[in-house]
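Engineer: Below is the structure I would like to discuss, written out as structure tokens.
There are 4 protein chains.
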Amino acid sequence: MWKEADNKLSRTIEFDDFVQAFGFMSQVALIAEKMDHHPNWSNVYNKVEIVLTTHDAGNTITDKDRKLAKAIDKLLS
Amino acid sequence: MWKEADNKLSRTIEFDDFVQAFGFMSQVALIAEKMDHHPNWSNVYNKVEIVLTTHDAGNTITDKDRKLAKAIDKLLS
Amino acid sequence: MWKEADNKLSRTIEFDDFVQAFGFMSQVALIAEKMDHHPNWSNVYNKVEIVLTTHDAGNTITDKDRKLAKAIDKLLS
Amino acid sequence: MWKEADNKLSRTIEFDDFVQAFGFMSQVALIAEKMDHHPNWSNVYNKVEIVLTTHDAGNTITDKDRKLAKAIDKLLS
Numbered sequence: 001m002w003k004e005a006d007n008k009l010s011r012t013i014e015f016d017d018f019v020q021a022f023g024f025m026s027q028v029a030l031i032a033e034k035m036d037h038h039p040n041w042s043n044v045y046n047k048v049e050i051v052l053t054t055h056d057a058g059n060t061i062t063d064k065d066r067k068l069a070k071a072i073d074k075l076l077s
Numbered sequence: 101m102w103k104e105a106d107n108k109l110s111r112t113i114e115f116d117d118f119v120q121a122f123g124f125m126s127q128v129a130l131i132a133e134k135m136d137h138h139p140n141w142s143n144v145y146n147k148v149e150i151v152l153t154t155h156d157a158g159n160t161i162t163d164k165d166r167k168l169a170k171a172i173d174k175l176l177s
Numbered sequence: 201m202w203k204e205a206d207n208k209l210s211r212t213i214e215f216d217d218f219v220q221a222f223g224f225m226s227q228v229a230l231i232a233e234k235m236d237h238h239p240n241w242s243n244v245y246n247k248v249e250i251v252l253t254t255h256d257a258g259n260t261i262t263d264k265d266r267k268l269a270k271a272i273d274k275l276l277s
Numbered sequence: 301m302w303k304e305a306d307n308k309l310s311r312t313i314e315f316d317d318f319v320q321a322f323g324f325m326s327q328v329a330l331i332a333e334k335m336d337h338h339p340n341w342s343n344v345y346n347k348v349e350i351v352l353t354t355h356d357a358g359n360t361i362t363d364k365d366r367k368l369a370k371a372i373d374k375l376l377s
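If you read the protein sequences in the order shown, they are chains Z, S, U and L.
1 is the number of the first residue of the first sequence in my numbering; add one for each residue after it.
101 is the number of the first residue of the second sequence in my numbering; add one for each residue after it.
201 is the number of the first residue of the third sequence in my numbering; add one for each residue after it.
301 is the number of the first residue of the fourth sequence in my numbering; add one for each residue after it.
Structure below.
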């Protein structure tokens, strides 16, 4: 589900509505803060786009990104 | 699932963990604020207890409580 | 604080950290859902960018956008 | 501001409205999950009551509780 391009992992998720989308975002926020690794993400209504890259590693994809991506996938499974 | 007693509707929900519980709470918060009808609720780790009553109707159960209860059930279905 | 360009109102806000930024986002989410008018917004760590336009009015700036912008400003004052 | 009684630290905070209260709760949630130490808390409209105790230490007040209390105070300062 994640696309890997330009040294970034990205995934777009579509929910039923804003309530579903923001509930998911709250979960991702908790996980990201705990990992000390935050997404570059955007939302409009029922769509959430998440882009992961590691700023401290010169904006490349690192294990931190893969770990966060996996945790996000688990929320959606 | 909701218990009706003492002029209150109450339901306790158990999630896998705090992330799941708080994601749910964020959704309930959005719905409650939109309805202008707020729960009396508590949380500890993976458990959320919700108590619904209508303060403005002398702390009785009204249609507002039943409507919010139904919307919460829909989130959990 | 809001820029008006290309039929959009936009504002970028910088917080101390992710916790502050996401707390603010949760407040905006509640207000937006209540207004039935949702922002196009993005976040990375302590920065939140909000773009407002009215999709149903052919992506122009309407009173809905101005009202949401004002409510967001109030949160930040 | 925190009361210490019955092996628990507790504090009640009153906000202007639900939006302010839940924005604060989102911040506390992020901090608590990061610390792996979760409050026993309740909310109704603009009021949030937080009770801290350490379950794993036989429900006594530990450094974990004091650290979380301090982080919560910082949010409110």
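A virtual CB, placed ideally from N, CA and C, is assigned to each residue, including glycine.
#1: Tell me whether the region 241-248 of chain U and the region 31-40 of chain Z touch, counting them as touching only if at least three CB pairs, one residue from each stretch, are closer than 8 Å.
#2: So, with DSSP's three-state summary, where would you put S301/U?
#3: What do you reckon, are the CB atoms on V319/L and L230/U nearer than 8 Å?
#4: Could you list which residues in chain U have their beta carbon closer than 9 Å to that of L330/L, in chain order?
#5: Since L152/S sits in a beta bridge, which residues does DSSP pair it with?
#6: In whole angstroms, give me the CA-to-CA distance for D306/L and T360/L.
#7: Near K264/U, what residues of its chain come up, given a Cβ to Cβ distance below 6 Å and the 5 sequence neighbours on each side ignored?
#8: What number of angstroms, rounded off, separates the C-alpha of G158/S from the C-alpha of D217/U?
#9: State the beta-bridge partners of S242/U as determined by DSSP.
#10: Buried or exposed: where does M299/L fall if 16 or more other Cβ atoms within 10 Å of its Cβ makes it buried?
#11: Within 8 Å (strictly less), CB to CB, does E133/S reach chain U?
#12: Between the alpha carbons of I213/U and K103/S, how many angstroms are there, rounded?
#13: Starting from S126/S, find everything on chain Z with Cβ-Cβ shorter than 7 Å and list it in chain order.
#14: 8 Å is my cut-off, CB to CB: does S110/S come that close to chain L?
#15: At a Cβ threshold of 8 Å, is N159/S touching chain L?
#16: Could you tell me how far apart the beta carbons of V234/U and E133/S are, in whole angstroms, since I believe they sit closer than 8 Å?
#17: What is the residue span of the alpha helix (DSSP H) that M1/Z lies within?
#18: Counting only C-beta atoms, is N43/Z closer than 8 Å to chain U at any point?
Structural biologist: Looking at the atomic coordinates:
#1: yes
#2: No statement about residue 301/U is possible, as the shown extent of chain U runs from 201 to 277 and does not include it.
#3: yes
#4: F218, V219, F222, G223
#5: L109/S
#6: 8 Å
#7: H237, T254
#8: 43 Å
#9: S42/Z, E249/U
#10: A question about residue 299/L goes unanswered here, because the residues of chain L that appear run from 301 up to 377.
#11: yes
#12: 44 Å
#13: F22, G23, S26
#14: no
#15: no
#16: Checking the displayed sequence, the identity of residue 234/U turns out to be Lys instead of Val. Correct: roughly 5 Å between the Cβ atoms.
#17: No alpha helix (DSSP H) holds M1/Z; DSSP gives it neither H nor E.
#18: yes
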